[in-house]
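Participant:
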Amino acid sequence: MPLAEPERSSFQATAARLGDPATFARPAVIAANDARFLVAEQLAQGGIKADILLEPCRRDSAPAVAVAALHVAARDPQGLVLILAADHAVGDDAAFVAAARAARAGAKAGFIMTLGIAPTSPSTAYGYIQPGQPLPGQAGAAGACAVARFLEKPDAARAAGLIAEGALWNGGYFLFRADVMLEELAAHAPAVLEAAQNAVETASRDLDFVRLGEPAFAQAPQISIDYAVMEHTGRAGVLPVSFPWSDIGTWGALWEVSARDGDGNALRGRVAVRDTRNSLVHASGEILTTVVGLDDVVVVTTDDAVLVTSRSAGGEVKGLVEALRRRGEPEADAHRLMYRPWGSYQRIDLGSRFQVKRITVKPGGRLSLQKHHHRAEHWVVVRGTAEVTVDGTVRLVHENEAAYLPIGCVHRLANPGKIPLELIEVQVGSYTGEDDIIRIE
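Read in order, the letters of the sequence shown correspond to residues 1022 to 1462 in the numbering used here.
1. Where does Arg-1289 land, buried or exposed, given buried means 16+ other C-beta within 10 angstroms?
2. Applying the 10 Å Cβ sphere with the 16-neighbour rule, what's the burial state of Gly-1273?
3. From this set, Leu-1103, Arg-1379, Leu-1434, which residue's C-alpha is nearest Leu-1417's C-alpha?
4. Counting only runs of 4+ residues fully inside the region 1327 to 1366, write out the alpha helix (DSSP H) ranges in chain order.
5. For Asp-1176, which of Ile-1184, Arg-1170, Ala-1169 has the nearest alpha-carbon?
6. At which residues does the alpha helix (DSSP H) containing Lys-1378 begin and terminate?
7. My guess is that Gly-1364 and Gly-1386 are in contact by the Cβ rule of under 8 Å, so how many angstroms apart are they, rounded?
8. Would the region 1244 to 1262 and the region 1136 to 1154 be scored as touching if the rule is three or more Cβ pairs under 8 Å?
9. Would you report the Cα separation of Ile-1369 and Gly-1405, rounded to the nearest angstrom?
10. Which partner residues does Lys-1070 have in the DSSP bridge list?
11. Since I believe His-1395 is in contact with Tyr-1452 (beta carbons under 8 Å), could you give me their beta-carbon distance rounded to a whole number of angstroms?
12. Tell me where the beta strand (DSSP E) around Arg-1198 begins and ends.
13. Under 9 Å, do Ala-1241 and Ala-1217 count as touching if we go by C-beta distance?
14. Are any of the Cβ atoms in chain B nearer than 9 Å to that of Arg-1348?
15. What does DSSP give as the partner residues of Gly-1137 in its beta bridges?
16. Hey, could you find the ends of the beta strand (DSSP E) Glu-1420 is sitting in?
17. For Ala-1124, which residues in the same chain have their Cβ closer than 6 Å to its Cβ, ignoring the five residues on either side in sequence?
18. Measure the C-alpha to C-alpha separation of Val-1010 and Ala-1180 and round it to an integer number of angstroms.
19. Classify Ser-1031 as helix, strand or coil using the three-state DSSP reduction.
20. To which residues of the same chain is Arg-1057 closer than 7 Å at the C-beta, ignoring the five residues directly before and after it?
21. What's the C-alpha gap between Ala-1354 and Arg-1361?
22. Helix, strand or coil for Lys-1174, going by three-state DSSP, please let me know.
23. Using a threshold of 9 Å, state whether the C-beta atoms of Ala-1107 and Phe-1032 are closer than that.
24. With DSSP as the reference, label Asp-1268 as helix, strand or coil.
25. In the DSSP assignment, the beta strand (DSSP E) including Ser-1082 goes from what residue to what residue?
26. Per DSSP, Pro-1155 is paired with what?
27. Here's the rule: buried if 16 or more other CB atoms are within 10 angstroms of the residue's CB, otherwise exposed. What is Tyr-1149?
28. From the DSSP output, read off the bridge partner residues of Trp-1400.
29. Can you find the residues in the same chain that come closer than 6 Å, C-beta to C-beta, to Leu-1039, ignoring five residues on each side of it along the sequence?
30. In terms of residue numbering, what span does the beta strand (DSSP E) encompassing Leu-1434 cover?
31. On the three-state DSSP scale, how would you describe Arg-1289?
32. Alpha helix (DSSP H) containing Asp-1055: first to last residue?
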């Protein structure tokens, strides 16, 4: 979903930020398995080639950093690794690249460098870094210092005091030699390193993805890199930077970095407001979203969910999503628009005995040969030409034509053309779940 920018997601903006081949090598994206097709599609939309490594389960940032270090060390044990989150907003890409270049000297000298963000307010949403003495020699030439200590998220009064003392926001950026991080993991978090090593050794390739070994990765402790290494290492360095930055950790943070109208409202999409101030109203679907007589609120609508919260309570949304996940609500993890290697599908409607989807197949794309036990399907082509296989018979279905697939037939859909194929699929039967797919090849 586009957030800080109207035309691309925060992930796409982050990947594009690494586009200078003179500074950055081919990036590696470490992502959740369920997000793999979305990641691949968004990279393709931006024309960005990357390695995509899939985590089989959630284990926080330390195991991911360990995997990244091992991934680079396999090619060059002293290769530099830059760790950055996928969803941070950076207001000056050139300044970010310059900072990454400036931090290289410290990283090459064996320090685990962080970028310390110059605070713009006594925020309680971020951890802080207290700089120490300048790093020796070339490592400290750009103003880099040793880290005196990392500090947890403070209250407002303590945050103001830390800023007065020269503390910096911990933006979660790390730059280090692969061998240095592996040494520090071995010293301070050996269980994390062992699990990551085993997961990499038992990894398998699946299409354009690398699947980390699931049993091994699941053994990794669920711990952040800050707790696992950074708060214990004696090799931490920090480079103060001042580019505009936000981790967009809450909807309130998104409001802060968004353009606002004269009433302080940040509006995106098909929205209308009246007598409303200092609010974020974000509509990413087709639903007209209107707000009247409310101040300091966040209203977000998609095609399948609506969120209404006060700006100050935006940090509670994560807990709400976890509660929805425990309740088994599909919206907690699944979206109406789902990406696949061959294209995408979007659920339009769902009833007790039917489901309607819009299916898009890339030029040359082909779905698996399959059948269903509980549903028949009707395909109506609205753009392009479909190659439809039904029980061994292949025919072309053109725009404004339809194909019927009875229950139990062996079928396949392909796009032989040079433009995307779009069709409407109507499923009818006693069960229309995604697990009623028997793949034959």
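For each residue, glycine too, the CB sits at the ideal point set by N, CA and C. Every value quoted in this text rests on a predicted model; they were computed, and no experiment measured them.
Facilitator: Reading from the atomic positions:
1. By the neighbour-count criterion, in which a residue is buried when 16 or more other Cβ atoms sit within 10 angstroms of its Cβ, Arg-1289 is buried.
2. With a threshold of 16 other beta carbon atoms within 10 Å, Gly-1273 meets it and is buried.
3. Out of Leu-1103, Arg-1379, Leu-1434, Leu-1434 has the C-alpha closest to the C-alpha of Leu-1417.
4. The alpha helix (DSSP H) runs of length 4 or more contained entirely in the region 1327 to 1366 are, from start to end of the chain, 1338 to 1347.
5. Relative to Asp-1176, the option among Ile-1184, Arg-1170, Ala-1169 whose CA is nearest is Ile-1184.
6. It is not in any alpha helix (DSSP H) - Lys-1378 instead sits in the beta strand (DSSP E) that spans 1375 to 1382.
7. That pair is a contact at about 5 Å.
8. By the Cβ test, the region 1244 to 1262 is in contact with the region 1136 to 1154, since at least three Cβ pairs between them sit closer than 8 Å.
9. Whole-angstrom Cα-Cα distance: 20 Å.
10. Under DSSP, no beta-bridge partner is assigned to Lys-1070.
11. Going by Cβ atoms, the distance from Tyr-1452 to His-1395 rounds to 4 Å, so yes, they are a contact pair.
12. 1189 to 1198 is the extent of the beta strand (DSSP E) around Arg-1198.
13. Contact annotation: Ala-1241 and Ala-1217 have beta-carbon atoms nearer than 9 Å.
14. Note that chain B does not occur in the displayed structure, where there is just one protein chain.
15. Under DSSP, Gly-1137 forms a beta bridge with Asn-1191, Pro-1261.
16. It is not in any beta strand (DSSP E) - Glu-1420 carries neither H nor E in the DSSP assignment.
17. Within the same chain, and ignoring the five residues on either side of Ala-1124 in sequence, the residues whose Cβ sits closer than 6 Å to its Cβ are Met-1134, Leu-1196, Leu-1260.
18. In the structure displayed, the chain extends from 1022 to 1462; residue 1010 sits before or after that span and is not available.
19. Helix, per DSSP.
20. The answer, listed in chain order, is Ile-1073, Leu-1075, Phe-1230.
21. According to the sequence displayed, residue 1354 carries Asp and not Ala. Going by the C-alpha atoms only, they are around 16 Å apart.
22. Of the three classes helix, strand and coil, the one that applies to Lys-1174 here is coil, per DSSP.
23. Yes, the pair counts as a contact, with Cβ atoms nearer than the cut-off.
24. Three-state result, Asp-1268: coil.
25. No beta strand (DSSP E) holds Ser-1082; the alpha helix (DSSP H) holding it covers 1082 to 1094.
26. In the DSSP output, where bridge partners are listed per residue, Pro-1155 has Cys-1166.
27. When all chains shown are included, Tyr-1149 counts as buried.
28. The partner list for Trp-1400 (beta bridge, DSSP) reads Ala-1424, Glu-1446.
29. Setting aside the 5 residues that flank it on each side, Leu-1039 is surrounded in the same chain by Phe-1045, Pro-1048, each with a C-beta closer than 6 Å to its C-beta; the list follows chain order.
30. For Leu-1434, the enclosing beta strand (DSSP E) covers residues 1432 to 1435.
31. Strand, per DSSP.
32. First-last for Asp-1055: undefined, no H or E at that position.
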